[in-house]
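Protein chains in written order, with my numbering: chain C, 1 to 351; chain Y, 352 to 741; chain B, 742 to 902.
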Amino acid sequence: MIAQLAVEIPYWGQSLLRVVGGLVAVLLPAGTIVYLFLFKMMSFMQSRLGPMEAGPFGSMQLFAEVGKWLQKEDIVPENADARIYKIAPIIVLVSTFLLVVVIPFGPDAWFTNFSAGVFYALAIGSVSVIGILVAGWSSANKYSLLGGLRAAGQLIAYELPMVLAVVGVVIQAGSMNLQDIVMAQNTGEIFGWSGIGFPFVLTQFVGFLIFMIAVQAELTQAPFDMPIAESELVSGYMTEYSGFRFLMFFIGEFATAGVFALIASVLFLGGWGIPFSWFGWETIDQVDNWMNIAGPVIMFTKMMVLTGIIMWVRFSYPRFREDQLQRFAWKVLIPLSLANIAVTAIVKVVV
Amino acid sequence: MTMLSERQQLSYIASQAADARLNVELETEGMTLNIGPQHPATHGTLRIIARLDGEQVIWAEPSAGYMHRGYEKLTEVRTFPQVTSLINRIDWLGSFANEVPFILAAEKLMEIEAPPRAQHIRTILFELSRIANVGLFLGDLGVQMGAITPVFLAFRDREYVLNLIEGATGGRFHPNFDRIGGLKDDLPQGWIDETRQVMKKLRGFCDEIEDLLFGNEIFQSRTRGIGVIPADVARQYGLSGANLRASGVDWDLRRDQSLPMAWDKVDFKVWTHPDGDSWARCWVRLQEVRESTKIVDQLLDTMPAGPVMAKVPRIIKVPEGEAWVSTENPLGEMGYYVVSKGDLGPFRVKIRSASFNNISITPWVLKGVYVPDIITILASLYFILGDIDR
Amino acid sequence: MPKLPGLIKGLGVTMGTLVRTVKDGANTVQYPHAKESPPVRARGVIALREDNCTACMLCARSCPDWCIYIEAHKQLAPPRRAGGKPRQVNHLDRFDIDYALCMYCGICVEVCPFDALFWSPEYEYSEPRIADLLHDKTKLGEWMETVPEAPALEVGAEKKK
Numbered sequence: 001m002i003a004q005l006a007v008e009i010p011y012w013g014q015s016l017l018r019v020v021g022g023l024v025a026v027l028l029p030a031g032t033i034v035y036l037f038l039f040k041m042m043s044f045m046q047s048r049l050g051p052m053e054a055g056p057f058g059s060m061q062l063f064a065e066v067g068k069w070l071q072k073e074d075i076v077p078e079n080a081d082a083r084i085y086k087i088a089p090i091i092v093l094v095s096t097f098l099l100v101v102v103i104p105f106g107p108d109a110w111f112t113n114f115s116a117g118v119f120y121a122l123a124i125g126s127v128s129v130i131g132i133l134v135a136g137w138s139s140a141n142k143y144s145l146l147g148g149l150r151a152a153g154q155l156i157a158y159e160l161p162m163v164l165a166v167v168g169v170v171i172q173a174g175s176m177n178l179q180d181i182v183m184a185q186n187t188g189e190i191f192g193w194s195g196i197g198f199p200f201v202l203t204q205f206v207g208f209l210i211f212m213i214a215v216q217a218e219l220t221q222a223p224f225d226m227p228i229a230e231s232e233l234v235s236g237y238m239t240e241y242s243g244f245r246f247l248m249f250f251i252g253e254f255a256t257a258g259v260f261a262l263i264a265s266v267l268f269l270g271g272w273g274i275p276f277s278w279f280g281w282e283t284i285d286q287v288d289n290w291m292n293i294a295g296p297v298i299m300f301t302k303m304m305v306l307t308g309i310i311m312w313v314r315f316s317y318p319r320f321r322e323d324q325l326q327r328f329a330w331k332v333l334i335p336l337s338l339a340n341i342a343v344t345a346i347v348k349v350v351v
Numbered sequence: 352m353t354m355l356s357e358r359q360q361l362s363y364i365a366s367q368a369a370d371a372r373l374n375v376e377l378e379t380e381g382m383t384l385n386i387g388p389q390h391p392a393t394h395g396t397l398r399i400i401a402r403l404d405g406e407q408v409i410w411a412e413p414s415a416g417y418m419h420r421g422y423e424k425l426t427e428v429r430t431f432p433q434v435t436s437l438i439n440r441i442d443w444l445g446s447f448a449n450e451v452p453f454i455l456a457a458e459k460l461m462e463i464e465a466p467p468r469a470q471h472i473r474t475i476l477f478e479l480s481r482i483a484n485v486g487l488f489l490g491d492l493g494v495q496m497g498a499i500t501p502v503f504l505a506f507r508d509r510e511y512v513l514n515l516i517e518g519a520t521g522g523r524f525h526p527n528f529d530r531i532g533g534l535k536d537d538l539p540q541g542w543i544d545e546t547r548q549v550m551k552k553l554r555g556f557c558d559e560i561e562d563l564l565f566g567n568e569i570f571q572s573r574t575r576g577i578g579v580i581p582a583d584v585a586r587q588y589g590l591s592g593a594n595l596r597a598s599g600v601d602w603d604l605r606r607d608q609s610l611p612m613a614w615d616k617v618d619f620k621v622w623t624h625p626d627g628d629s630w631a632r633c634w635v636r637l638q639e640v641r642e643s644t645k646i647v648d649q650l651l652d653t654m655p656a657g658p659v660m661a662k663v664p665r666i667i668k669v670p671e672g673e674a675w676v677s678t679e680n681p682l683g684e685m686g687y688y689v690v691s692k693g694d695l696g697p698f699r700v701k702i703r704s705a706s707f708n709n710i711s712i713t714p715w716v717l718k719g720v721y722v723p724d725i726i727t728i729l730a731s732l733y734f735i736l737g738d739i740d741r
Numbered sequence: 742m743p744k745l746p747g748l749i750k751g752l753g754v755t756m757g758t759l760v761r762t763v764k765d766g767a768n769t770v771q772y773p774h775a776k777e778s779p780p781v782r783a784r785g786v787i788a789l790r791e792d793n794c795t796a797c798m799l800c801a802r803s804c805p806d807w808c809i810y811i812e813a814h815k816q817l818a819p820p821r822r823a824g825g826k827p828r829q830v831n832h833l834d835r836f837d838i839d840y841a842l843c844m845y846c847g848i849c850v851e852v853c854p855f856d857a858l859f860w861s862p863e864y865e866y867s868e869p870r871i872a873d874l875l876h877d878k879t880k881l882g883e884w885m886e887t888v889p890e891a892p893a894l895e896v897g898a899e900k901k902k
């Protein structure tokens with residue numbers, strides 16, 4: 001992985017670095033998103049300042065919250081199915097960690113380089129649905145059950161537009177390998193001008209929109225937060241959870257938002273690269289080593305921008321009703337994404 | 352006069368079919384969901400027992416009384432000023448409006464009228480309490496639908512109105528300012544200019560809410576065609592206020608009654624809407640807030656000079672008799688039937704509160720709707736628990 | 742549903758509020774670092790002027806919650822003029838207001854015929870123990886220092902005689 005750094009690290013060291021890197025890659029975006037967007041941006045949009053007491057400008061608020069949740073009593077409801085009840089948050093969180101291993105952060109800064117990285121990412125993204133459904137069912141609470149059932153319907157319905165939107169990108173890049181997709185965008189040209197590379201968001205704009213809407217629905221954020229629906233179901237499938245388990249759901253929600261934003265920036269915005277024509281690189285071997293350090297920073301920035309948009313929409317819109325949600329997915333998004341694939345394929349063959 | 356919308360007819364048929372399914376097929380049991388007294392959606396401790404088939408309601412029934420404070424019993428052993436300070440707390444969001452019908456009933460029994468300046472200031476404070484109450488409704492509407500931002504904007508702009516009320520009366524939520532024969536005090540200096548500026552800010556707030564919430568397509572698809580209440584059904588169930596006007600009935604007690612208040616001295620429009628759905632109820636209330644700001648501006652321009660208290664004895668004993676006065680409160684029609692036996696306090700007071708009748712329509716209107724629509728319809732009917740339970 | 746202007750306008754409102762908060766500051770006050778000052782007439786706490794009180798019991802009788810406790814005894818005071826009879830006055834033993842019960846309605850301040858009770862806008866007197874919320878004569882006398890002057894009235898008001 002970091003073999004290019006001129007230091008010999010033994011194998012156990014490399015594994016340790018990968019584990020630590022994975023943890024950082026998931027938890028750092030989650031923490032920053034929670035602080036910057038949930039605490040601060042939401043507050044500023046509501047004419048208030050947000051947490052200000054814990055640390056300078058409230059920066060330690062997240063740690064205070066983590067500490068608070070950790071010291072709460074761990075309740076398992078009497079009628080709940082205890083084993084499954086305890087497993088459910090772990091399933092949700094594990095799927096996030098599994099998702100981040102396939103994202104490239106630099107020319108050599110990646111965890112694994114599957115040749116079918118896109119396929120793997122979309123498949124793993126669906127695993128969290130099981131966790132949510134199981135959480136709702138095993139809680140022995142009518143509200144949680146309603147939330148879990150709504151979640152099952154919604155998340156499965158919105159998997160399809162997400163997958164179909166990505167197919168357009170794969171057609172255009174010609175490969176399912178995420179590293180190849182990044183290279184195709186950064187070395188590409190628009191009508192012969194390579195000033196800004198060729199981020200796929202330009203031609204796949206419809207696909208980008210569909211992907212972002214599907215991501216919003218996969219994260220059960222407003223306007224698609226029927227499974228949580230605070231004013232009706234209290235917390236939906238999360239109602240009965242407290243303490244560390246709730247913390248896992250909470251962190252999982254924002255970590256998944258960050259990871260999906262990372263995937264979107266890889267697929268549509270050019271990933272870890274800035275246009276290679278500025279440096280005169282052509283293939284991946286020509287990319288300098290400092291890109292291994294700058295790459296994660298660039299990815300972080302792009303992820304922040306996309307997550308900012310997701311959160312901005314979350315704070316501004318009311319929520320769809322369940323049947324309107326489903327109607328939107330099946331009758332509008334899927335035909336649109338199919339049309340997008342058709343047009344992309346035709347243009348690729350013709351042009 | 353609207354016919355039952357097609358959607359409502361279909362949902363009726365669906366609910367009958369669901370009921371039949373439950374009765375015939377013994378395998379599937381309908382789920383009884385308790386939208387219980389402790390719930391983020393109900394404005395207080397209201398309990399709605401709903402029988403569901405999947406996500407559709409088969410029947411629903413409200414169970415009120417969790418907040419009963421025994422007002423009518425309390426008034427039997429208190430004097431008139433003490434009762435005035437208590438009834439502030441019935442509709443606690445627009446609290447000055449609760450005092451006014453009671454004081455007017457007592458003045459009717461004493462056969463005195465407050466001086467014109469007092470009538471003017473009473474009407475201004477009444478309209479301010481309407482703005483405070485319905486302004487919060489506009490924000491609360493967002494939260495019920497899932498939009499978390501409008502409620503903060505509503506609280507922010509409600510603060511201006513509460514500061515005004517505090518400047519004049521000393522209390523933000525419970526002014527306790529009305530007295531038999533007039534008002535307790537006159538207005539402090541600078542209040543009129545401050546009120547004018549606050550009214551301008553509130554009109555800006557209404558525009559903001561219109562852009563953020565009412566113009567939102569998601570909000571419109573959540574509220575249009577939901578919970579249609581035709582005009583005759585609304586009248587039968589005794590709905591009042593914006594709920595009645597949203598069903599197309601042109602009924603406003605400020606204009607249709609002549610009370611010793613200053614509404615007949617101003618020009619205002621009574622907003623109605625021909626559909627009877629949730630969207631109409633919300634929209635009518637938004638327009639009412641705008642109209643109230645215009646009423647306050649007109650009243651401020653034409654404020655007469657003079658005393659704020661008529662000549663009343665120190666210790667007031669209201670003569671024997673019975674009187675009924677009702678006014679167009681922010682929530683609907685609120686009325687007091689005061690029976691006096693010549694004492695320091697009333698013998699019996701019957702309080703007709705608007706929300707009690709407004710939620711009586713819940714079993715009729717919630718048949719066949721989805722669970723999220725329950726929340727929409729309850730939010731658009733707009734009740735305050737203190738008003739239901741007293 | 743493609744993005745129609747209504748949805749975009751909503752996004753514009755929230756972003757506008759964010760920009761306004763960044764530029765002009767929030768609408769909130771960071772209590773306890775910064776404190777708001779309530780208006781002059783605000784009903785914060787009731788202050789007692791002991792010299793004026795004659796223990797007529799009107800305030801205790803008119804309180805809706807019966808939260809004022811008064812005990813007094815009659816005693817002889819020196820005559821006003823030399824050579825006159827000694828007068829009988831009420832001497833106040835105990836005048837407590839229980840702020841745990843008080844509704845802040847203001848009826849007691851209003852009915853007092855001798856101007857012994859005043860409103861003050863002080864509001865920071867919460868206690869960890871409920872029993873400490875019973876303010877006795879001395880504490881009520883201390884609140885007198887915080888009583889503001891009555892505000893000037895608006896144009897058109899009748900002059901107070």
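Just so it is clear, CB atoms sit at the ideal spot from N, CA and C, and this is done for glycine as well.
How about residue i: is its C-beta nearer than 7 Å to some C-beta of chain B?
| i | result |
| --- | --- |
| C:S316 | yes |
| Y:E568 | yes |
| C:F44 | yes |
| Y:L538 | yes |
| C:S337 | no |
| C:L262 | no |
Comparing the C-beta of residue i with each C-beta of chain C, is any distance below 7 Å?
| i | result |
| --- | --- |
| Y:T574 | no |
| Y:L377 | Caution applies to Y:L377, whose pLDDT of 42 falls short of 50 and renders its modelled position unreliable; the value that the coordinates give is listed next. Not closer than 7 Å to any Cβ of chain C, the Cβ of Y:L377 fails to qualify, so no. |
| Y:F528 | no |
| Y:G497 | yes |
Does the beta-carbon of residue i have 16 or more other beta-carbons within 10 angstroms, so that it is buried, or is it exposed?
| i | result |
| --- | --- |
| Y:F639 | In the sequence as presented, Phe is not what sits at residue 639 of chain Y; that position holds Glu. Buried is the call here. |
| B:P746 | exposed |
| B:E868 | exposed |
| Y:L595 | buried |
| C:Y11 | exposed |
| Y:P670 | exposed |
| C:L70 | exposed |
From the beta carbon of residue i, is the nearest beta carbon of chain Y less than 7 Å away?
| i | result |
| --- | --- |
| B:G751 | yes |
| C:V324 | Strictly speaking, residue 324 of chain C in this sequence is Gln, with Val absent from that position. C:Q324 counts as touching chain Y. |
| B:I809 | no |
| B:C846 | yes |
| C:A184 | no |
Taking residue i as part of the beta strand (DSSP E), name the residues at either end of that continuous run.
| i | result |
| --- | --- |
| B:H832 | 828 to 839 |
| Y:V720 | Note, Y:V720: premise wrong, no beta strand (DSSP E); not H, not E. |
| Y:H471 | Taken as a continuous stretch (DSSP letters only), Y:H471 belongs to no beta strand (DSSP E), being part of the alpha helix (DSSP H) at 467 to 496. |
| Y:T653 | Where Y:T653 is concerned, there is no enclosing beta strand (DSSP E), given that its DSSP letter is neither H nor E. |
Looking at the unbroken alpha helix (DSSP H) that takes in residue i, where does it start and where does it end?
| i | result |
| --- | --- |
| B:L858 | Not the alpha helix (DSSP H): B:L858 falls in the beta strand (DSSP E), residues 858 to 861. |
| C:Q154 | 142 to 173 |
| Y:W542 | 542 to 560 |
What distance in whole Å lies between the Cβ atoms of residue j and residue i, which are believed to be in contact at a cut-off of 8 Å?
| i | j | result |
| --- | --- | --- |
| Y:P681 | Y:V485 | 6 Å |
| Y:E568 | B:L748 | 6 Å |
Given 8 Å, three or more beta-carbon pairs between the stretch 854 to 869 of chain B and the stretch 811 to 831 of chain B: Remark: fewer than three beta-carbon pairs, one from each stretch, lie closer than 8 Å, so the stretch 854 to 869 of chain B and the stretch 811 to 831 of chain B are not flagged as touching.
The stretch 658 to 668 of chain Y touching the stretch 531 to 538 of chain Y, judged by at least three CB pairs closer than 8 Å: Segments in contact, yes.
Stretch-stretch touch, CB-based, cutoff 8 Å, three pairs: the stretch 248 to 255 of chain C with the stretch 189 to 208 of chain C: Contact fails between the stretch 248 to 255 of chain C and the stretch 189 to 208 of chain C, because fewer than three Cβ pairs, one in each stretch, are under 8 Å apart.
Sufficient close CB pairs (3 or more, under 8 Å) joining the stretch 603 to 610 of chain Y to the stretch 562 to 580 of chain Y: The way I'd put it, the stretch 603 to 610 of chain Y doesn't touch the stretch 562 to 580 of chain Y; fewer than three beta-carbon pairs between them come closer than 8 Å.
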